[in-house]
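K.L.:
Heads up: the protein sequence lines correspond to chains B and S, in order.
Per our numbering, numbering of the first sequence is gapless, rising by one per residue and ending at 1161.
Per our numbering, numbering of the second sequence is gapless, rising by one per residue and ending at 1127.
Glycine is no exception: its CB is placed at the ideal position from the N, C-alpha and C atoms.
All of these numbers come straight from a predicted model, not from anything done at the bench.
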Amino acid sequence: MTTIADIDKMISRVALGDRSAFSDLYDATSAKLFGVALRVLNNTASAEDVLQETYMKIWRYADRYASNGMSPMTWLITIARNTAIDRLRATKQTDDIADVEDRMAASGPTPEQSAIAGSEAARIVGCLDELPDDRRAAVRGAYLEGDSYADLAAKFDVPLNTMRTWLRRSLIALRECMTQ
Amino acid sequence: MSEALTPEEENRVLAAEYTLRLMTSEEERAFELRLAEDRALERDVADWVAHFADLADEYMPVVPPKALKARLTTDLFGATDKSTSLWSRLGLWQGFSLAATAAAAVMAVMLITQPAPQVPTSGPLFVSEIAAEDDSLRVLAVYDGATGGLRLTATAGQAETGRDFELWAIVGDNPPRSLGVLTDDGTGNILLPDDLQGAVGGMVLAISDEPDGGSTTGAPTGAVLAVGQVTDL
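#1: Measure the C-alpha to C-alpha separation of S1109(S) and T1115(S) and round it to an integer number of angstroms.
#2: Go ahead and label P958(S) buried or exposed: buried means 16 or more other beta carbons lie within 10 angstroms of its beta carbon, across all protein chains shown.
#3: N1083(S) by DSSP, collapsed to three states: which one?
#4: When Cβ atoms are compared, which residues of the stretch 955–970 of chain S fall closer than 8 Å to chain B?
#5: Along chain B, in chain order, which residues have C-beta atoms closer than 8 Å to that of E936(S)?
#6: How should S1129(B) be labelled, buried or exposed, when 16 other C-beta atoms within 10 angstroms of its C-beta is the threshold for buried?
#7: Are the C-beta atoms of W1040(B) and some chain S residue less than 8 Å apart?
#8: Can you give me the start and stop residues for the beta strand (DSSP E) that Q1123(S) sits inside?
#9: Taking the alpha-carbon of A1009(B) as reference, which of N1024(B), L1141(B) and I992(B) has the nearest alpha-carbon?
#10: Find the residues of chain D that neighbour E1029(B), judging by a C-beta separation of less than 8 Å, and give them in chain order.
#11: Am I right that R1041(B) and E1126(B) are in contact with their C-beta atoms under 8 Å? What's the rounded C-beta distance?
#12: In the structure shown, what three-state DSSP assignment does D1184(S) receive?
#13: Which residue wins for smallest C-alpha separation from R937(S), given the options E902(S), S1072(S), N1068(S) and R915(S)?
#14: Could you tell me which of V1121(S), D1126(S) and T1125(S) sits nearest to D969(S), measuring between CA atoms?
#15: Any Cβ of chain S within less than 8 Å of the Cβ of D1033(B)?
#16: Can you name the start and end residues of the alpha helix (DSSP H) that P901(S) belongs to?
#17: Does the distance from the C-beta atom of A1018(B) to that of A1028(B) stay below 8 Å?
#18: In its own chain, which residues sit with a C-beta less than 8 Å from the C-beta of G1043(S), not counting the 5 before and 5 after it?
#19: Check whether the Cβ of M991(B) lies closer than 8 Å to any Cβ atom in chain S.
#20: Do you know how far the Cα of A964(S) is from the Cα of L1073(S)?
#21: Go through the stretch 1024–1065 of chain B residue by residue and report every complete run of the beta strand (DSSP E) that reaches 3 residues or more, in order.
#22: Considering only the beta carbon of each residue, do A1119(B) and L1133(B) sit closer than 8 Å?
#23: How far does the alpha helix (DSSP H) with L997(B) in it reach, from first residue to last?
#24: Below 8 Å on the Cβ atoms is my guess for I988(B) versus L949(S); work out the distance and round it to an integer in Å.
#25: Comparing the C-beta of A1035(S) with each C-beta of chain B, is any distance below 8 Å?
#26: In chain order, what residues of the stretch 1136–1154 of chain B put their CB closer than 8 Å to some CB of chain S?
#27: Closer than 9 Å by beta-carbon distance: list the chain S residues that pair up with V995(B), in chain order.
#28: Does any residue of chain S have a CB that is nearer than 8 Å to the CB of G998(B)?
#29: So which residues on chain S does Y1130(B) lean against when the C-beta distance must stay under 9 Å?
#30: Just the C-alpha distance for V1065(S) and A1113(S), rounded to the nearest angstrom, thanks.
#31: Give the range of the alpha helix (DSSP H) segment to which D938(S) is assigned.
#32: Can you list the residues of chain S that T1059(B) reaches, using a CB-CB cut of under 7 Å?
#33: Kindly indicate the opening and closing residues of the beta strand (DSSP E) around D1058(S).
#34: For E902(S), decide whether its Cβ has a neighbour in chain B, counting only Cβ atoms nearer than 8 Å.
#35: Applying the criterion that 16 or more other CB atoms from any shown protein chain within 10 Å of the CB defines a buried residue, is G1016(B) buried or exposed?
#36: What do you get for L935(S), buried or exposed, if any count of 16 or more other CB atoms within 10 angstroms of its CB means buried?
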């Protein structure tokens, strides 16, 4: 069973140029990171490219991991999410949804991957629950789908400035809730 | 409402917007300039990253296609790694299936035994299938360590009229070296230069589209159409 400590160790070894550790890291984490790319991009081919680019960055920047203090999965997911959002902004094409859903149904996570996915208690979820429904949905959309203010304004059919105000208020409320 | 925020609160909101990627790319660049010099701001971003990380549980894992890992490894490390076995090296061949490998091996044996039965080879044999991703061009290359000869046979594809296929050898990070131009019927019999003979095991062969007679610059000038990794047979 792959644990968070194992992932941590793998990244440290990857930072030293250990190719077999890189292979192990890919096997243990690629399903989660592919899930991130698929959710943001909604397009299988783009998500595959982004996954490739993500692991190239991981190989290149693994030596920066030790000093940044993040949990290893958070670090990996942040790279995957940002790479996917960069791609989304560059192309802005989100067809192919049925294709993604087919694939999701076809291939579930392995037990190892499920173990990694189930992380610590989710405090932000409790704080999100205190927000009005539409604001909670907007924050979640921004995080999970990489929506910009403009995307969210269109999705919720409100003016851009209104969306900006909603979101900023929600973020202040979240921050207060989480530091209590 | 933003007029009610203290500068610290404003920074925290900006940090959240940055973490969520709500900013435009211009705003992101401006924020990153501040971030590089402001430790408190950096901590705000780190806090938000940690907070939002809990939402990442909702990203549902999806096992990626197997071929992706092979492509990634090839792109990162090149196709061969001398410390790995032949079989795992075969797995790294770009656009190359095991079936094709077997076919290439069979054809290599035919090439050696059929047209030149008078040459019993005793040196190491190397084979490479130099193939375009879409298989529009495939050239089989067989290197005989005993003679230093590289024999080429196109099994698919033909140079356009007035153009030639030029063969290149790439060793490590060195620039490609021309090995000559294929004949119009897609064959070639090339004596590998001495200094390349020792490096044949980790070599990559590539074919580019060049003017009639080949590149005049010493480097590929046209599109690289096909690439193949050399491995021992």
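P.N.:
So, to answer that:
#1: 6 Å
#2: buried
#3: strand
#4: P955, V956, V957, P958, P959, L962, K963, R965, L966, T967, D969 and L970
#5: By Cβ distance, chain B contributes nothing, its closest Cβ being about 10 Å from E936(S), past 8 Å.
#6: buried
#7: yes
#8: V1118 to Q1123
#9: I992(B)
#10: Within the model displayed, chain D is absent; protein chains B and S are what it includes.
#11: The Cβ separation is near 27 Å, so there is no contact.
#12: Only positions 895 to 1127 of chain S appear in the structure, and residue 1184(S) is not among them; the question remains open.
#13: E902(S)
#14: V1121(S)
#15: Reading off the sequence shown, one finds Gln at residue 1033(B), where the question assumed Asp. Answer yes: the Cβ-Cβ gap between Q1033(B) and chain S drops below 8 Å somewhere.
#16: P901 to L914
#17: yes
#18: Y1037, N1083, I1084, L1085 and L1086
#19: no
#20: 28 Å
#21: none
#22: yes
#23: Neither: L997(B) is in no alpha helix (DSSP H) and is coded neither H nor E.
#24: About 19 Å; that fails the 8 Å criterion.
#25: no
#26: T1146, L1148, R1149, R1150, L1152 and I1153
#27: In chain order: nothing, as chain S lies at least about 11 Å away.
#28: no
#29: E911, L916, M917 and T918
#30: 14 Å
#31: R933 to A947
#32: V943
#33: R1057 to I1064
#34: no
#35: buried
#36: buried
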